[in-house]
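Colleague: First the structure, then my questions, so here it is.
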Amino acid sequence: MIRVGVNGYGTIGKRVADAVEAQPDMEIIGVAKTQPNFEAHTAVKRGYPMYAAIPERAPLFAEAGIEVAGEVDELVAEADIIVDCTPSGIGEQNRELYETHHTPAIFQGGESADVADVSFNARSNFDAARDADYVRVVSCNTTGLSRVIAPLEEEYGVEKVRATLVRRGGDPGQNSRGPINDILPNPIKVPSHHGPDVKTIFPDLEIDTLGLKVPATLMHVHALNVTLGDDVTGAHVRQLLEEEDRIYVIPEGLGIDGAGKLKDLALDAGRPRGDLWENCVWGESIGVNGRDLYLFQAIHQESDVIPENVDAIRAMFDLEDKETSMQRTDRQLGVGISGDPSGFSEQARAEFADDD
Ligand code: NAD
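Numbering (my numbering), first residue to last: 2 to 357.
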């Protein structure tokens with residue numbers, strides 16, 4: 002049983018904690034937070050021991066009625082691994098703390114690639130993280146792109162990827178972010194930094210990306226053009242993507258015409274927090290012109306990286322091979338949307354309930 006600590010219990014950290022706790026081969030031994038906000042109370046309710054990320058603030062937790070198990074230093078010392086889910090740039094500062102205690106750590110995509118030995122996406126380079134001490138799970142956008150590129154590369158070869166990323170302005174709780182009523186080329190400089198980030202997973206890939214930010218909180222939407230190594234048919238590509246558990250090819254006829262309805266689908270199906278761990282590719286958008294493939298996909302920024310963090314732990318401790326780890330993660334969480342999109346997460350859980 003791998004003993005996992007989560008440092009930074011916000012949008013990503015709280016999801017990682019629940020995902021780890023749902024696995025049979027790992028457990029949460031504590032989470033570290035800076036302040037006793039509503040998420041701290043939820044953590045306590047879920048039975049996660051609370052550690053003070055900033056020791057001087059420990060009394061604030063006591064005042065809020067939250068028992069503190071110790072300081073973050075103690076959590077790092079006790080854990081087999083820390084998943085660092087602090088805001089961008091803080092993870093890099095925390096690396097020294099992890100090194101001091103010889104505790105391996107996973108960082109998130111907001112950190113620069115050199116924070117870790119390996120940038121990770123389970124589908125694309127699981128084995129690169131084997132026995133590594135420091136791994137970075139790439140960003141939500143890079144995860145979404147990598148999951149599509151990997152099967153295309155394996156099946157047809159990829160000559161060049163061009164992707165336009167229409168990015169949500171902020172997460173639902175980030176009410177200080179924007180734009181409120183604008184459409185921003187962001188970054189204005191093209192190509193954007195997203196392409197180089199994808200190259201941390203596929204070093205030899207030709208890829209150019211452009212980014213925009215829009216007044217939305219629900220999901221990102223990618224417009225993709227991939228020049229493949231072979232002439233293909235849309236039907237063949239569609240079948241290939243449908244075989245990927247972490248890609249949901251949205252069937253025609255469901256009336257899912259945007260991110261809002263995708264989120265409704267997840268909530269109706271009883272997904273925790275309305276999460277969509279899968280890339281959501283509109284089946285109708287898969288179009289082919291010779292070797293040029295086009296498609297639209299929506300990426301739930303708050304949750305697509307969560308299964309990847311679980312797989313990174315297994316890779317780092319050499320617990321399972323790639324397929325076994327990904328399957329185990331997926332069935333414990335309920336990842337994978339079948340032909341019947343109603344109640345899919347309960348279905349998946351019930352199906353595999355006796356498995357572990
Ligand atoms: P967040 O702001 O929602 O959560 C971060 C948490 O860390 C907060 O609870 C904050 O109080 C806490 N924190 C701040 N300083 C700390 C410290 N010194 N020690 C411990 N905790 C501290 O941020 P997030 O959205 O969860 O992002 C975390 C990381 O995940 C970032 O690298 C981000 O780029 C990456 N990421 C975010 C998203 C997303 O869409 N939210 C998607 C993929 C990756």
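Here a beta-carbon is modelled for each residue, glycine too, at the ideal position from N, C-alpha and C.
(1) Cα separation between A18 and P56?
(2) Taking only the alpha-carbon atoms, compute the straight-line gap between L255 and R247 and give it to the nearest angstrom.
(3) Closer than 6 Å: is that where the CB of I13 sits relative to any heavy atom of the ligand NAD?
(4) How far does the beta strand (DSSP E) with H223 in it reach, from first residue to last?
(5) Just to confirm the assignment: which complete beta strand (DSSP E) runs, minimum length 3, are found wholly within the region 144-185?
(6) Report the rounded CA-to-CA distance for R315 versus P25, giving the unit in angstroms.
(7) Which of the three DSSP states is assigned to V311 in this structure?
(8) Report buried or exposed for H194, applying the criterion of at least 16 other Cβ atoms within 10 angstroms of its Cβ.
(9) Three or more C-beta pairs closer than 8 Å, one from the region 297-305 and one from the region 218-227: is that the case here?
(10) Please classify Q36 as buried or exposed, where buried requires at least 16 neighbouring CB atoms within 10 angstroms.
(11) Under the assumption that A20 contacts L334 (Cβ atoms under 8 Å), give the Cβ distance between them as a whole number of angstroms.
(12) Let me confirm a value: A65 is counted as buried when at least 16 other C-beta atoms fall within 10 Å, else exposed. Which label applies?
(13) Provide the residue span of the beta strand (DSSP E) that contains I82, from first to last.
(14) Helix, strand or coil for D357, going by three-state DSSP, please let me know.
(15) Unbroken beta strand (DSSP E) runs of length 3 or more, entirely within the region 39-75: which are they?
(16) Using DSSP with H/G/I as helix, E/B as strand and the rest coil, what is K190?
(17) Is DSSP giving R4 helix, strand or coil here?
(18) For I287 versus G337, is the C-beta distance shorter than 7 Å?
(19) Cβ of Q364 versus every heavy atom of the ligand NAD: is any distance shorter than 6 Å?
(20) With 16 as the cutoff for other CB atoms within 10 Å, does P308 come out buried or exposed?
(21) Counting pairs of Cβ atoms below 8 Å between the region 133-140 and the region 310-327, do you hit three or more?
Modeller: Short version:
(1) One Cα belongs to A18, the other to P56, and the distance between them is close to 21 Å.
(2) Taking the CA atoms as reference points, L255 sits about 19 Å from R247.
(3) Yes - the ligand NAD has a heavy atom lying nearer than 6 Å to the Cβ of I13.
(4) 221-229 is the extent of the beta strand (DSSP E) around H223.
(5) Complete beta strand (DSSP E) runs here, min 3: 159-169.
(6) One Cα belongs to R315, the other to P25, and the distance between them is close to 12 Å.
(7) V311 falls in the helix class under three-state DSSP.
(8) Under the 10 Å beta carbon count, H194 is surrounded by fewer than 16 other beta carbons and is classified as exposed.
(9) Yes, the region 297-305 touches the region 218-227.
(10) So Q36 counts as exposed.
(11) Indeed, because the Cβ distance is near 6 Å, the residues count as touching under 8 Å.
(12) It is exposed - the Cβ of A65 has fewer than 16 other Cβ atoms within 10 Å.
(13) Membership of I82 in the beta strand (DSSP E) is indicated by the continuous run 82-85.
(14) Confidence at D357 is low in this model, with a pLDDT of 47, below 50, so the placement of that residue is unreliable and no value is reported for it.
(15) List check, beta strand (DSSP E) in window: 51-53, 69-72.
(16) Correct three-state label for K190: coil.
(17) In the structure shown, the three-state DSSP call for R4 is strand.
(18) No. Outside cutoff.
(19) There is no way to answer for residue 364, as the model of the chain reaches only from 2 to 357.
(20) Classification of P308: buried, given that the 10 Å Cβ count is 16 or more.
(21) The count of Cβ pairs closer than 8 Å, one atom from the region 133-140 and one from the region 310-327, reaches three, so the stretches are in contact.
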